[in-house]
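Just so we're aligned, residue 26 is where the sequence shown starts under this note's numbering, counting upward by one.
Cβ coordinates follow ideal geometry from the N, Cα and C atoms, glycine included.
Quick caveat: nothing in here was measured; it's all calculated off a predicted structure.
Inspection log for the structure reproduced underneath, given as structure tokens.
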Amino acid sequence: MASPSRRQFLVRLGSLSAASSLLGAEQPSHAPTPFRRLTADVLVIGGGTAGTIAAIQAGRLGARTILVEAGSQLGGTTTTAGVDYPGLFHAWKKQVIAGIGWELVTKTVELNGDKLPDFSQQSAKRHSQHQIRICGPLYAALAEEACLRAGVQLRYYEFPTAIEAVADGWKVRIAGKGTELEITTQQLLDCTGNAAVVGMIGLPRRREAVTQPGTLMYRLGGFDRDRVDLAALEAKAREALRTGALLPTDMNGGVRGFLGSGGANNMHVLRADSSTSELHTDTNIRGRQSLLRVLRFFKAQPGFENLRVERLLPETGVRETFRIIGETTVTLDDYVGGRVFPDAICYAFYPIDLHDEHGVRPQPLKEGIVPTIPLGALIPQGSHHLMVAGRCLSSDRLANSALRVQAPCMAMGQAAGVTAALAAQRSVTPSQVPLAEIRRVLAEHNAIVPQPPPTS
Numbered sequence: 026m027a028s029p030s031r032r033q034f035l036v037r038l039g040s041l042s043a044a045s046s047l048l049g050a051e052q053p054s055h056a057p058t059p060f061r062r063l064t065a066d067v068l069v070i071g072g073g074t075a076g077t078i079a080a081i082q083a084g085r086l087g088a089r090t091i092l093v094e095a096g097s098q099l100g101g102t103t104t105t106a107g108v109d110y111p112g113l114f115h116a117w118k119k120q121v122i123a124g125i126g127w128e129l130v131t132k133t134v135e136l137n138g139d140k141l142p143d144f145s146q147q148s149a150k151r152h153s154q155h156q157i158r159i160c161g162p163l164y165a166a167l168a169e170e171a172c173l174r175a176g177v178q179l180r181y182y183e184f185p186t187a188i189e190a191v192a193d194g195w196k197v198r199i200a201g202k203g204t205e206l207e208i209t210t211q212q213l214l215d216c217t218g219n220a221a222v223v224g225m226i227g228l229p230r231r232r233e234a235v236t237q238p239g240t241l242m243y244r245l246g247g248f249d250r251d252r253v254d255l256a257a258l259e260a261k262a263r264e265a266l267r268t269g270a271l272l273p274t275d276m277n278g279g280v281r282g283f284l285g286s287g288g289a290n291n292m293h294v295l296r297a298d299s300s301t302s303e304l305h306t307d308t309n310i311r312g313r314q315s316l317l318r319v320l321r322f323f324k325a326q327p328g329f330e331n332l333r334v335e336r337l338l339p340e341t342g343v344r345e346t347f348r349i350i351g352e353t354t355v356t357l358d359d360y361v362g363g364r365v366f367p368d369a370i371c372y373a374f375y376p377i378d379l380h381d382e383h384g385v386r387p388q389p390l391k392e393g394i395v396p397t398i399p400l401g402a403l404i405p406q407g408s409h410h411l412m413v414a415g416r417c418l419s420s421d422r423l424a425n426s427a428l429r430v431q432a433p434c435m436a437m438g439q440a441a442g443v444t445a446a447l448a449a450q451r452s453v454t455p456s457q458v459p460l461a462e463i464r465r466v467l468a469e470h471n472a473i474v475p476q477p478p479p480t481s
């Protein structure tokens with residue numbers, strides 16, 4: 026074969042050079058990560074159940090609002106963890122929580138062609154019948170739309186790395202994928218679920234020596250229940266537990282619980298913790314390992330040859346980590362007694378719901394009891410220009426086991442958003458905002474506000 030001419034060689038060399046340029050080859054970039062400075066009236070850290078609602082509310086009141094979320098979407102437990110049946114919005118056949126959370130949930134139901142439960146038939150012992158089944162991804166999209174319409178600046182894949190107190194507010198250093206910025210804000214809302222911001226600032230937090238287990242949401246399908254020999258299956262499960270092929274927490278309620286749930290998750294991940302990246306990584310790994318054990322066990326049994334994963338969420342849901350020490354602490358007696366706090370800003374309604382390694386046995390409230398949440402439980406002791414909303418509110422463990430669920434967290438988020446926006450307007454700290462003004466604005470935005478107890 027003839028050797029290429031010098032002209033042909035140069036043409037080929039030029040083509041290779043052009044291709045390399047197009048592919049970016051040998052074009053290393055040493056430019057530093059750009060650094061930006063932003064200003065906000067209200068900065069919300071955490072776009073989960075409470076933080077999303079807080080940001081929407083602050084934005085609707087005209088506050089310059091920034092929402093920083095470490096993940097890819099809004100909604101937290103409702104979306105990323107797959108607990109797509111928020112509740113409870115009703116107590117004793119009467120609605121007690123409404124506002125922005127209710128607005129988004131009902132919009133999701135309507136747009137997806139789903140139906141609301143019949144709230145006129147309510148039993149304290151069957152509370153799950155009044156949780157509202159929704160499409161989690163659609164809820165995330167609608168929440169995002171509501172944020173954008175309210176003028177909220179959304180910042181996904183970012184998290185705070187340092188927080189410094191300044192006159193009348195905070196400077197918060199934020200890092201993310203190819204981003205580094207500093208946000209100066211008047212009001213700071215910790216909606217991380219772990220009171221992470223409160224911890225970074227150095228204010229006290231509390232947690233239990235043993236926390237509630239987490240749950241990875243999944244559903245398995247494709248099995249033939251008519252072919253299941255229950256006695257033989259239970260014997261195989263006992264053997265798998267003996268050898269370690271299954272763990273006791275992989276199937277709370279055993280194979281009967283698995284079959285009774287139609288193949289849905291019925292499991293616990295002990296020591297579930299999302300308060301650090303390492304602990305959260307370990308929690309998610311152990312959740313998926315549990316799924317694999319269950320899947321492999323059943324696929325080896327008659328009637329389960331075609332078993333398949335029909336639903337699997339990316340994260341293990343975490344129930345309990347840190348709580349703040351607030352100006353007011355909600356106790357079990359406060360909760361089960363339906364105490365109406367002088368500074369109550371929303372209701373809550375859910376049974377005491379403490380999970381452990383043996384499962385969960387909800388303890389319903391007595392008929393007519395509707396607990397309240399005080400503003401002081403959202404304000405860390407000794408703080409300024411700072412609030413929390415969500416499961417990290419100031420509460421004892423048993424009260425928190427009920428307060429941590431979605432509808433109360435949404436209500437807390439709306440109350441925190443109102444308070445922060447009003448505090449920014451007045452250039453004051455949240456505890457200095459008149460309570461009557463907070464309640465008035467909440468009511469204007471369709472929240473249901475507890476009436477203060479009469480003074481003697």
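- Looking at the backbone, the Cα of ARG198 and that of PHE184 are separated by about 8 angstroms.
- The DSSP-derived three-state label of ARG364 is coil.
- In the structure shown, THR341 falls within a strand segment according to DSSP collapsed to helix, strand and coil.
- With a contact defined as Cβ atoms closer than 8 angstroms, THR397 and ALA369 qualify at about 4 angstroms.
- Take the alpha-carbon of PRO111 and the one of ALA432: they are about 6 angstroms apart.
- Listed as beta-bridge partners of VAL294 by DSSP are GLY239.
- Per DSSP, reduced to three states, the secondary structure at CYS172 is helical.
- The beta-carbon distance between MET242 and GLY342, rounded to whole angstroms, is 7 angstroms. This is short enough to meet the 8 angstroms contact definition.
- The C-beta separation of VAL280 from LEU258 comes to about 5 angstroms, placing the pair in contact by the 8 angstroms criterion.
- Straight-line spacing of the CA atoms in THR104 and GLY161 works out to 5 angstroms.
- Our two residues, ALA171 and VAL191, have alpha carbons roughly 31 angstroms apart in a direct line.
- Scanning the region 47 to 130 from its first residue to its last, the whole beta strand (DSSP E) runs of 3-plus residues come out as 60 to 70, 90 to 94.
- VAL67 is the residue among VAL67, VAL385, ARG386, VAL466 whose C-alpha sits nearest the C-alpha of LEU214.
- Counting along the chain, LYS196 sits inside no alpha helix (DSSP H); it lies in the beta strand (DSSP E) bounded by residues 194 to 201.
- Contact annotation: ALA175 and GLY84 have beta-carbon atoms nearer than 8 angstroms.
- GLN178 is not a Cβ neighbour of ILE70, given a cutoff of 8 angstroms.
- Taken in chain order, the unbroken stretches of alpha helix (DSSP H) that lie wholly in the region 406 to 444 and span 4 residues or more are 422 to 428.
- In the structure shown, HIS155 falls within a helical segment according to DSSP collapsed to helix, strand and coil.
- Between ASP358 and GLN237 the beta-carbon gap is near 20 angstroms, outside 8 angstroms, which marks them as no contact.
- C-alpha of PRO475 to C-alpha of LEU99: approximately 28 angstroms in a straight line.
- Within the DSSP secondary-structure output, THR210 pairs in a beta bridge with ALA65, TRP195.
- In this chain, the beta strand (DSSP E) harbouring ALA369 covers 369 to 372.
- The beta carbon of ARG464 sits closer than 8 angstroms to the beta carbons of ILE370, VAL474 from its chain, once the five residues preceding and following it are set aside; these are given in chain order.
- With contacts defined by Cβ atoms closer than 8 angstroms, PRO477 and PRO367 form a contacting pair.
- In chain order, LEU245, GLY247, PHE248, LEU320, PHE323, LYS324 place their CB closer than 7 angstroms to the CB of LEU332, counting only its own chain and leaving out the 5 sequence neighbours on each side.
- Assignment of beta-bridge partners to GLU205 by DSSP yields PHE60, ALA200.
- With respect to the C-alpha of VAL108, the residue from GLY438, PHE144, PRO339, GLY287 having the closest C-alpha is PRO339.
- Spatial neighbours of LEU86 in its own chain (CB-CB distance under 6 angstroms, excluding positions within 5 residues in sequence) are listed in chain order as ALA446.
- Beta-bridge annotation (DSSP): ILE463 is not paired with any residue.
- With contacts defined as CB atoms closer than 8 angstroms, ARG348 and SER419 qualify as a contacting pair.
- Partner residues in the beta bridge of ALA289, as assigned by DSSP, are ARG244.
- Between LEU284 and LEU316, the gap from beta carbon to beta carbon reaches 8 angstroms or more.
- In the structure shown, PHE322 falls within a helical segment according to DSSP collapsed to helix, strand and coil.
- Counting along the chain, the unbroken beta strand (DSSP E) around LEU179 starts and ends at 178 to 181.
- Between THR240 and HIS155, the C-beta gap is not smaller than 8 angstroms, which leaves the two residues out of contact.
- In the DSSP assignment, THR268 falls within the unbroken alpha helix (DSSP H) covering 255 to 268.
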